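Those protein sequences? They're chains W and F, same order as listed.
Residue numbering for the first sequence follows the numbering used here, beginning at 5 and increasing consecutively.
Residue numbering for the second sequence follows the numbering used here, beginning at 5 and increasing consecutively.
Glycine included, C-beta positions come from ideal geometry on N, C-alpha and C.
Every value quoted in this text rests on a predicted model; they were computed, and no experiment measured them.
Data first, discussion second: the structure below is written as structure tokens.
There are 2 protein chains.
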Amino acid sequence: MSDLLIRDVRLPGRGPVDVLVRDGTFHQIAAGITPPEGAAIEHGGGLLLLPGLIEGHAHLDKTLWGGPWYRNDVGPARNDRIENERRFRRDGAHDAAGRSLSLARAYLGRGTTRMRSHADIDTEIGLRHVHATMRARQAVPSMQMQIVAFPQSGLVNRPGTVDLMDAALSEGADVVGGIDPCAVDRDPVGHVDALFRLAEKHGKPVDIHLHEPGEMGAFSLDLILERTAAADMRGMVTISHAFCLGMIGERDREALLARMARWDVRIATTAPASSAVPPLAACRAAGVTVYGGNDGIRDTWTPYARPDMLDRAMHIGLRNALRRDDELDWALDCVTGAAAVGCGFDRYGLDAGCRADLVLVQAETAAEAIVSAPVRKLVVAGGVVVARDGMLLV
Amino acid sequence: MSDLLIRDVRLPGRGPVDVLVRDGTFHQIAAGITPPEGAAIEHGGGLLLLPGLIEGHAHLDKTLWGGPWYRNDVGPARNDRIENERRFRRDGAHDAAGRSLSLARAYLGRGTTRMRSHADIDTEIGLRHVHATMRARQAVPSMQMQIVAFPQSGLVNRPGTVDLMDAALSEGADVVGGIDPCAVDRDPVGHVDALFRLAEKHGKPVDIHLHEPGEMGAFSLDLILERTAAADMRGMVTISHAFCLGMIGERDREALLARMARWDVRIATTAPASSAVPPLAACRAAGVTVYGGNDGIRDTWTPYARPDMLDRAMHIGLRNALRRDDELDWALDCVTGAAAVGCGFDRYGLDAGCRADLVLVQAETAAEAIVSAPVRKLVVAGGVVVARDGMLLV
């Protein structure tokens, strides 16, 4: 692989720099780099340089992206949507691998170079969706993808699910997923214990969907924190959604956030407009890592969302009333640096030695990039130019 | 003006139709129309036919659209933003007419054919922004625009403002604007009385920004409803924002909604993600007309928002958790039919005799049009093709 030199790009708050990529890695980022012999040259034209974007909470396997419009007449409860999805999968011929690939490629074209995706596991579909997501992952090698073994319909309430989770983790799933220990599984202690046993057995992190409201969610979170401490799983646990942190009183919230910070338990947020959410400023002030994800995109649950992490950063900004440019830097952090920390992606960032993942856009600041839906002029993943002017090349 | 025949477009839930436009008006919408001699022919290619979109709450005069990026370091209170904006106007050379025109044209290219825009009036700028908005209106004759005389900094608390409002209404402003009778003007009775005196004198409707939270907002709303009844201004009053209706108890809210329905007092909502909002389903169920607006776009207040009413419909859907296709029809209604009723635009809709305003997009249903940010393949305003493939032609 020959060297790649990208000339004349801008880091927020700094003058123009050049970027030299060697062997898929950032070799140097500095002003006025002399082109090595044989290097491929790209002209940045003063565009804003962002690190590769990170999707921290996706459900590739559920998406209908690229297919005909799905008329949604489901509702209104979460369990209605879980049931409807199971029925849809049973009745139809959902091509989880093909749709996942289509969506993953759309993400890549919009500058997302790393992703954590949850793959449904239940006693009806077994590991079909895990395998489908793995096939999509193989087909997009320039994207780094973590797969979460996710018991969408519950874990201990459906005998056989724990064994399927165990098998998925043995076969290469990266993360132990969980969901609403009280509200879905209806056995909070049994659910959390099963998750942490799987995590300890496989030496893998945990990522638990926690939609539970108010005090119910706070109770589940309390149990999770207790197990995190007992298993000494510092920095290995993510709470996805964590709506309860936007509902309970400030004093209770601060107490939970302090424990989360102590055990480095992270939050993945989609920042939905229609729900309470963990308040970003308060979480950051408490030292809790918060990162962003789209959750489902165009599936039987929801018609919304786009495979674009700048768009998700915009929703995080809107939900948290971030208006100032320095506040919108936090929203960018949710889909870049904080997401790398949160998911545990290594060699991340715009520094020598990091994997050469970057995006160039026409924008003055990160804030402008977030609000203006800019064309991705150039996307580099692992040192390879994978998209140009919004068009995927690989 | 020769006839215009648009062949083969789709109305949601109906088969293909043709649209015949004569003298700027819909003449016939039916299957298999025989082209009149000399008619210009457009081929719809099975695209979805939507009526012209309506922006129900804009602030053209504040926007920085089309200019360099404005670094926002303002905050955090509403009065900080009001003060910052006044300072910005005093210090800088804000080209309110030029920026307004730039934004109005962006709206038109995205299918917005009618708009209500608030124009700031205060004792520092006098009628400068009203005149700027009027100039923009003259320069985009294919868009129908209402101008609200809007006392951004307060009405009775700044002597001379009422006289300026009076002058603006005499000069052609269409609507009497108001703002937070308690929180901004600090004289709720004086504020509301002054507004309704202006409205009665000029025979024009009222549109009051009501950001006030909870019981304070409910109190102001109560005063407004009292005056609406006393002046018999049925169907002549809009409450913009009305955040309080998303904060107070259900019983109090229902009582206020019942009075609003009785006097046909409308709500204009931006459905912000970070604030309580009037719940769309409850308002509709009570018989209250709710319509949508973007509020400010890229100004000293906010970096967000786009001159695109399908985008605003998406935010209304997201904020109100509308997922089903039939629910998303409500979101479309907020930026089409309900907005026409709410603002009092006549000859609106896809019926013979209405002003020929339409948009064609590639989408299966209104829901898909709302979530997918489709290119506006064709925009017709007052019978004239004003945009094609997302590009403005006029």
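Asked	Found
Residues bridged to E46(W) (per DSSP)	I10(W)
Test item: CB-CB of D333(W) and A370(W) under 8 Å	yes
Counted within 10 angstroms of its Cβ, other Cβ atoms place M147(F) as buried (16 or more) or exposed	buried
Residues of the segment 265–299 of chain F whose Cβ lies closer than 7 Å to any Cβ of chain W, in chain order	A277, S278
Stretch-stretch touch, CB-based, cutoff 8 Å, three pairs: the segment 178–193 of chain W with the segment 153–170 of chain W	yes
Under 7 Å by beta carbon: chain W residues contacting P20(F)	The premise fails here: P20(F) is roughly 17 Å from chain W at the closest Cβ pair, so nothing lies under 7 Å.
Residues in the segment 64–93 of chain F having any Cβ partner in chain W nearer than 8 Å	P72, W73, R75, N76, D77, V78, G79
Outcome for E216(F) when other beta-carbon atoms lying within 10 angstroms are tallied against a minimum of 16	buried
Residues that V375(W) contacts on chain F, provided the C-beta gap is smaller than 7 Å	P307, Y308
Extent of the continuous alpha helix (DSSP H) run through H135(F)	132–143
Beta-carbon proximity check, V152(F) vs S104(F), cutoff 8 Å	no
Cβ-heavy atom distance, P80(W) to the ligand NAP, below 7 Å	As far as ligands go, the structure on display features none, and thus does not contain the ligand NAP.
Contact belief for L260(F) with A222(F) at Cβ below 8 Å, rounded distance in angstroms	6 Å
Alpha carbon of G60(W) to alpha carbon of N298(W), nearest angstrom	8 Å
Chain W contact for D404(F) (CB, 8 Å cutoff)	There is no way to answer for residue 404(F), as the model of chain F reaches only from 5 to 398.
Nearest neighbour of T242(W), chosen from E230(W), M264(W), G250(W) [CA to CA]	M264(W)
As assigned by DSSP and simplified to three states, the class of S279(F)	coil
Secondary structure of I271(F), DSSP reduced to three states	strand
Contacts that N324(F) makes with chain W (C-beta to C-beta distance below 8 Å)	S278
C-beta contact flag for V339(F) and L53(F) at 8 Å	no
Classification of D65(W) by the beta-carbon crowding that lies within 10 angstroms, buried from 16 upward	buried
Under the three-state DSSP convention, the category A385(W) falls into	strand
Start and end residues, alpha helix (DSSP H) containing S104(W)	100–113
For T165(F) and T127(F), believed in contact at Cβ under 8 Å, the rounded distance	6 Å
Reduced DSSP secondary structure (H/G/I, E/B, other) of V339(W)	coil
Closest by C-alpha distance to V252(F), when choosing among V294(F), H245(F), L227(F), A280(F)	Inspection of the sequence shows that residue 252(F) is occupied by Ile rather than by Val. Comparing Cα-Cα distances from I252(F) to each of V294(F), H245(F), L227(F), A280(F), the minimum goes to A280(F).
8 Å Cβ cutoff, A371(F) in contact with chain W	yes
Exposure of R324(W), with buried meaning 16 or more beta-carbon neighbours within 10 Å	The amino acid at residue 324(W) is misidentified as Arg; the sequence shows Asn. Counting Cβ neighbours within 10 Å, N324(W) comes out buried, since at least 16 surround it.
DSSP state of A86(F) mapped onto helix, strand, coil	In the sequence as presented, Ala is not what sits at residue 86(F); that position holds Ile. It is helical.
Positions along the segment 36–65 of chain W whose CB lies within less than 7 Å of some CB in chain F	none
Endpoints, beta strand (DSSP E) assigned at V180(W)	179–183
8 Å Cβ cutoff, E204(W) in contact with chain F	no
Rounded C-alpha distance that separates I33(F) from V25(F)	9 Å
Secondary structure of V193(W), DSSP reduced to three states	helix
Reduced DSSP secondary structure (H/G/I, E/B, other) of T293(W)	coil
Below-8 Å beta-carbon distance, L332(F) vs any chain W residue	yes
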